[in-house]
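First the structure, in the form of structure tokens, and then the observations on it.
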Amino acid sequence: MIETKSPADQDEISPRDDEPKPGAEVSFPYDRMTVEQFRNRFPRARWSDVRKAWFVPGRTASRRIGRWLAELEADADAHADAKGRDAFAFEPIDSPYLELGKAGFRIRTPYSKTVVDALREVPFSRWDDDLRIWHVPFRSYEELRRRWPDIEAAAHRNEPEERRRRADERKGTEREMRSRLRAAERKRRRYPLPTDDLPPLGRPVATSYGIVVFTYITGELVDPGLVVDFYPGVTEDYLWGYWRMPTLDELVRTWPAKAPPRRDAGWWHPTIEELRPARRAARSREARKQAQTR
Numbered sequence: 001m002i003e004t005k006s007p008a009d010q011d012e013i014s015p016r017d018d019e020p021k022p023g024a025e026v027s028f029p030y031d032r033m034t035v036e037q038f039r040n041r042f043p044r045a046r047w048s049d050v051r052k053a054w055f056v057p058g059r060t061a062s063r064r065i066g067r068w069l070a071e072l073e074a075d076a077d078a079h080a081d082a083k084g085r086d087a088f089a090f091e092p093i094d095s096p097y098l099e100l101g102k103a104g105f106r107i108r109t110p111y112s113k114t115v116v117d118a119l120r121e122v123p124f125s126r127w128d129d130d131l132r133i134w135h136v137p138f139r140s141y142e143e144l145r146r147r148w149p150d151i152e153a154a155a156h157r158n159e160p161e162e163r164r165r166r167a168d169e170r171k172g173t174e175r176e177m178r179s180r181l182r183a184a185e186r187k188r189r190r191y192p193l194p195t196d197d198l199p200p201l202g203r204p205v206a207t208s209y210g211i212v213v214f215t216y217i218t219g220e221l222v223d224p225g226l227v228v229d230f231y232p233g234v235t236e237d238y239l240w241g242y243w244r245m246p247t248l249d250e251l252v253r254t255w256p257a258k259a260p261p262r263r264d265a266g267w268w269h270p271t272i273e274e275l276r277p278a279r280r281a282a283r284s285r286e287a288r289k290q291a292q293t294r
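Residue 149 in the UniProt record's numbering sits at position 149 of the sequence shown, and the numbers go up by one each step.
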């Protein structure tokens, strides 16, 4: 529905008056019941074939139309919520991570990026930072149910007991050793870069580590024999570049690439699909820093 303020067509509204009447226009897709409700609410409204809109006379017409549109939207939401509530009653989700609330569902899980990404895709979902839970209205139940198997599985994987069990299984194994070495290498905040394709300094670019900002490129050649396990495909024609995490402002000002990167690229300009999660992560990092300084 579109509301506009404009004088109506003079010949249709009041051919006797030379001055345009105060009022407002509104248009919406034709629906018999909606038109009937509109005519009952605004008996003086007139249809204009020229403007393809209804004209409601009066100096307060715009405000009255706004209230009516808000009521229509609330009624539509209530109907959608009722359908979602009925769908849940017919085919409920039985999970320790989901609770039924007055206005919808409350979801509390261990932290998981998979869970966060999935819930963000559910329409009208929102995070409650005070209660540390997700709220999902009844109207979004079908989408929530479609994504629930992945949400529940990821939540279970990130339960403290499950994480400890996997950690115990990895102790002393080659996999754990390689994991520790990879973590130690990442902490050095260095990255091999091809000598014939160096990235710009001070600007966010994408790498296998995610989006980073290179601050310094040394003249030191990479020894492939020492780091081949961490950077497959690296040769003696690579230099070390040192990086830092980008700020939210830098990520917001970064223009996304229109085309995906080459398969063998050492670095590339980030796409919008890469920028969106990086911006969310940067926003969370900066919010935590602000909370710590208070």
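Cβ coordinates follow ideal geometry from the N, Cα and C atoms, glycine included.
Using a 10 Å radius around the Cβ and a threshold of 16 neighbouring Cβ atoms, would you call residue i buried or exposed?
{"i": "Ser284", "result": "exposed"}
{"i": "Glu273", "result": "exposed"}
{"i": "Glu159", "result": "exposed"}
{"i": "Arg163", "result": "exposed"}
{"i": "His269", "result": "buried"}
{"i": "Ala287", "result": "exposed"}
{"i": "Trp255", "result": "exposed"}
{"i": "Trp127", "result": "exposed"}
{"i": "Leu275", "result": "buried"}
{"i": "Val26", "result": "buried"}
{"i": "Ala167", "result": "exposed"}
Please report the residue range of the beta strand (DSSP E) in which residue i lies.
{"i": "Leu198", "result": "Careful: Leu198 lies outside any beta strand (DSSP E) and carries neither H nor E."}
{"i": "Glu220", "result": "210–221"}
{"i": "Val228", "result": "Here Val228 belongs to no beta strand (DSSP E), and DSSP marks it neither H nor E."}
{"i": "Phe105", "result": "104–107"}
{"i": "Asp168", "result": "Taken as a continuous stretch (DSSP letters only), Asp168 belongs to no beta strand (DSSP E), being part of the alpha helix (DSSP H) at 160–170."}
{"i": "Trp267", "result": "It is not in any beta strand (DSSP E) - Trp267 carries neither H nor E in the DSSP assignment."}
{"i": "Thr207", "result": "204–207"}
{"i": "Trp47", "result": "46–48"}
{"i": "Phe90", "result": "Where Phe90 is concerned, there is no enclosing beta strand (DSSP E), although the alpha helix (DSSP H) it sits in stretches over 61–90."}
{"i": "Ala259", "result": "Note, Ala259: premise wrong, no beta strand (DSSP E); not H, not E."}
{"i": "Pro57", "result": "53–57"}
By DSSP's criteria, residue i is part of a beta bridge. Which residues make up the other side?
{"i": "Trp240", "result": "Pro192"}
{"i": "Val115", "result": "DSSP output for Val115 lists no bridge partner at all."}
{"i": "His135", "result": "Arg106, Arg126"}
{"i": "Pro271", "result": "Residue identity check: residue 271 is Thr in the sequence provided, not Pro. Answer is Ala257."}
{"i": "Glu185", "result": "In the DSSP output, where bridge partners are listed per residue, Glu185 has none listed."}
{"i": "Leu100", "result": "Phe105"}
Look at residue i and residue j and say whether their C-beta atoms are less than 9 Å apart.
{"i": "Gly58", "j": "Arg41", "result": "no"}
{"i": "Asp249", "j": "Asp196", "result": "no"}
{"i": "Gly210", "j": "Ala103", "result": "no"}
{"i": "Glu185", "j": "Val227", "result": "yes"}
Any heavy atom of the ligand SAH closer than 8 Å to the CB of residue i?
{"i": "Leu198", "result": "The ligand SAH is absent from the structure shown, which contains no ligand whatsoever."}
| request: Mind the definition here: the stretch 144–162 touches the stretch 104–123 only if three or more C-beta pairs lie below 8 Å; say whether that holds. | output: yes
| Cβ pair count under 8 Å reaching 3, the stretch 61–81 against the stretch 90–99 | no
| Stretch pair the stretch 137–148 + the stretch 166–175: three plus CB contacts closer than 8 Å | no
| request: Examine the Cβ distances between the stretch 243–262 and the stretch 205–219 and report whether three or more of them are shorter than 8 Å. | output: yes
| message | For the stretch 185–194 against the stretch 226–240, do three or more pairs of beta-carbon atoms, one drawn from each stretch, fall closer than 8 Å, so that the two count as touching? | response | yes
| task | Check whether the stretch 58–67 touches the stretch 78–97, counting contact only when three or more Cβ pairs, one atom from each stretch, lie closer than 8 Å. | result | no
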